[in-house]
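Inspection log for the structure reproduced underneath, given as structure tokens.
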Amino acid sequence: MDMKFRTRNWWLPMPLIILGLLAPGGAAGQPQAPAPAGQTAAPAPQNLPTRITLDDAIDLAIKHNHSLQAARTTILQNQAAEITANLRPNPTLLGDAQFLPFFSPSNFNGTYLDNGAQFDVGASYLFERGKKRQRRLQAARDQTAVTSATVDDDARTLTFNVASQFVAVLLAQSELDLAQTDLKSFQQTVDISQASFDAGSMSGADLLKIKIQMLQFQMDVSAATLARVQALASLRQLLGYESVPENYAVVGDLEYKPVKLGEDELKAMALRLRPDVREARLGITAAQSQLALQQAIGKVDVTGQANYTHVADTNTVSFFASVPLPVFNRNQGEIARSRYAITQSQELSSEQSSIALTDVVNSYEGLRTNDEVVMLYQSGYLKEAEDSRDISQYAYQHGAASLLDFLDSERSYRATELAYRQALANYMTSLEQLRQAVGTRSLP
């Protein structure tokens, strides 16, 4: 018999369909597609910071730097390994059917199966001895602690790189400001010289020398502009390219901040605060956990089994136990290796402490040397170079000094200003190196 089903068509007016497609989200009430797992949506451009300080830059890098984010996933991977380490063995289900009359099909009946065949159903379980599961979990947790310290050390290195690059941006900005100020000041000299030439009180050769010197100031502005753009681009890469807009700027100045702590105090702080020193010490603990685990693995386990058997119209229950005999393999090789690994970790910890102390000595001496250089400029050389330039400029404009004397004082002033700014940048970079060597940015 044929059966027919009648369907009913529902039609919507075409204008309503078009309006629904053009509505936000495609249709009213339709949920937006979520971001892929592990990926956060990029913030709107208006929410990105356009002017950042050094502290802002470090915070952005810690949150958004892709290399550091990738390193942080190793902590999560180790935590997942802790779950695996804490798992118990799975039980095993057993079953069999014996003496089935496949080659005598006529005997394949209920009477034969009940009286002649044998059926077994059982379960077995491995009973771990020596607290293997607890030892595995402790070893995994200790390894997670080592990994966390490694990531903290990656953050310490990233912080130094960001701070150093931030100082490079400040230096480029300072040199650009100086070049623009010098260009504007020298433009006034060019205007005065042009007026003097038009009035007949200056030779064409002297005017040409001044205009050629003007080219040097213009080239300084171009070079400083390029250096600033490149420094900002390098800093943006460290911060996380999506964390700041393309036209962002930094806030801050090249400045001198003396450090009041002595070298011995800084060494003690480094041994207490540096994450790589802590990582090496945690490595000893992790190696000791591995030794305890290998010793537990050397303990023999017991496999227990219970079977239910039906044979010859009889139901029975059987219990079995098996224990491997540790005649040859007692895990003695891994136990010995783990003991040597503890010694290795102890030596590496001592070496890492020595490296930390050496870093403090080197960075402290570098800071002290750059401190002396900055003090030399601030003691009077910077002011003397500026006074010499101003005196030569005034004398030249009033006909009391030659053009060569004025141009020479201008070059000396510019060179001294650039060297002073570079000295400040070197000092600030040395201070960041000392902070990295100590393991903290809080230095009184």
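Per the numbering used here, the very first residue in the sequence shown carries number 996; after that it's consecutive. The beta carbon of each residue, even a glycine, is placed where N, CA and C say it ideally should be. Source: prediction; values computed, not measured.
For this session: Would you tell me roughly how many angstroms separate the C-alpha atoms of R1436 and K1127, rounded to the nearest one?
Result: 43 angstroms
Exercise. Is it the case that the Cβ atoms of V1246 and I1047 are separated by a distance below 9 angstroms?
Worked result: yes
Exercise. By Cβ distance below 6 angstroms, which residues in the same chain neighbour L1157 in space, the five residues on each side in sequence not counted?
Worked result: According to the sequence provided, residue 1157 is Val. The question's Leu does not apply to it. Excluding residues within five positions, the ones whose Cβ falls inside 6 angstroms are A1052, I1053, A1056, L1233.
Exercise. Counting along the chain, where does the alpha helix (DSSP H) carrying N1365 start and finish?
Worked result: 1327-1371
For this session: Let me know if V1433 comes out buried or exposed under the rule of 16 or more other beta-carbons within 10 Å of its beta-carbon.
Result: buried
Exercise. Is it the case that the Cβ atoms of S1169 and R1416 are separated by a distance below 9 angstroms?
Worked result: yes
Exercise. In the DSSP assignment, what are the bridge partners of F1314?
Worked result: A1301
Problem set entry | Euclidean distance between Cα positions of A1037 and Q1064 | Legend: pLDDT at A1037 = 42, less than 50; position of this residue unreliable, no value from coordinates given.
Exercise. Taking all protein chains shown into account, do 16 or more other C-beta atoms lie within 10 angstroms of the C-beta of V1322, making it buried, or fewer, making it exposed?
Worked result: exposed
Exercise. Quick one: Cα of V1239 to Cα of T1045, how far?
Worked result: 7 angstroms
Problem set entry | Complete beta strand (DSSP E) runs within the stretch 1369-1437 (minimum length 3 residues, chain order) | none
Problem set entry | Top-ranked residue by Cα proximity to S1180, from L1166, I1205, F1094 | I1205
Problem set entry | Minimum C-alpha distance to G1117 - residue among N1102, G1105, G1125, G1090 | G1090
Exercise. Is the distance from the Cβ of E1250 to the Cβ of M1423 below 9 angstroms?
Worked result: yes
Exercise. Do T1220 and L1171 have their CB atoms nearer than 9 angstroms?
Worked result: yes
For this session: Could you tell me the distance, in whole angstroms, from the CA atom of F1098 to the CA atom of F1315?
Result: 32 angstroms
Problem set entry | Chain-order list of residues whose beta-carbon lies under 8 angstroms from that of Y1107 (same chain, five-residue window excluded) | P1096
For this session: Count the other C-beta atoms from every protein chain shown that fall within 10 angstroms of the C-beta of G1375, then say buried if there are 16 or more, exposed otherwise.
Result: exposed
Exercise. Taking all protein chains shown into account, do 16 or more other C-beta atoms lie within 10 angstroms of the C-beta of T1139, making it buried, or fewer, making it exposed?
Worked result: buried
Exercise. If you count every other CB in all the chains shown that lies within 10 Å of the CB of Q1093, and 16 or more means buried, which is it?
Worked result: exposed
Exercise. What is the DSSP secondary structure of T1035, counted as helix, strand or coil?
Worked result: Here T1035 scores only 44 on pLDDT, less than 50, and its place in the model is too uncertain to base an answer on.
Exercise. Say the cut is 8 angstroms; is the CB of S1191 nearer than that to a heavy atom of the ligand MG?
Worked result: Judged by which ligands are present, the structure shown has none, so any question about the ligand MG falls away.
Exercise. R1136 to E1367, Cα distance in whole Å?
Worked result: 48 angstroms
Exercise. Sorted by chain position, which residues of the same chain lie with C-beta nearer than 8 angstroms to L1362's C-beta, five sequence neighbours on each side aside?
Worked result: V1254, Y1422, S1425, L1426, Q1428, L1429
Problem set entry | Coil, strand or helix - D1248 by DSSP | coil
For this session: Taking 8 angstroms as the threshold, find out whether the stretch 1335-1354 comes into contact with the stretch 1295-1310 through three or more Cβ pairs.
Result: no
Exercise. Where N1060 and A1066 are concerned, what is the direct C-alpha to C-alpha distance, given to the nearest angstrom?
Worked result: 10 angstroms
Exercise. With a cut-off of 8 angstroms, do at least 3 Cβ pairs link the stretch 1280-1296 to the stretch 1337-1344?
Worked result: yes
Exercise. What residue range is occupied by the uninterrupted alpha helix (DSSP H) comprising V1116?
Worked result: Not the alpha helix (DSSP H): V1116 falls in the beta strand (DSSP E), residues 1113-1122.
For this session: Using three-state DSSP, classify L1089 as helix, strand or coil.
Result: strand
Exercise. Whose C-alpha, out of T1068, D1215, L1261, is nearest the C-alpha of E1360?
Worked result: L1261
Problem set entry | Closest Cα partner of D1271 within the set A1226, A1263, R1151 | R1151
Problem set entry | Nearest neighbour of L1288, chosen from T1087, Q1072, R1130, Y1120 [CA to CA] | R1130
For this session: Reducing DSSP to helix, strand and coil, say where R1269 ends up.
Result: coil
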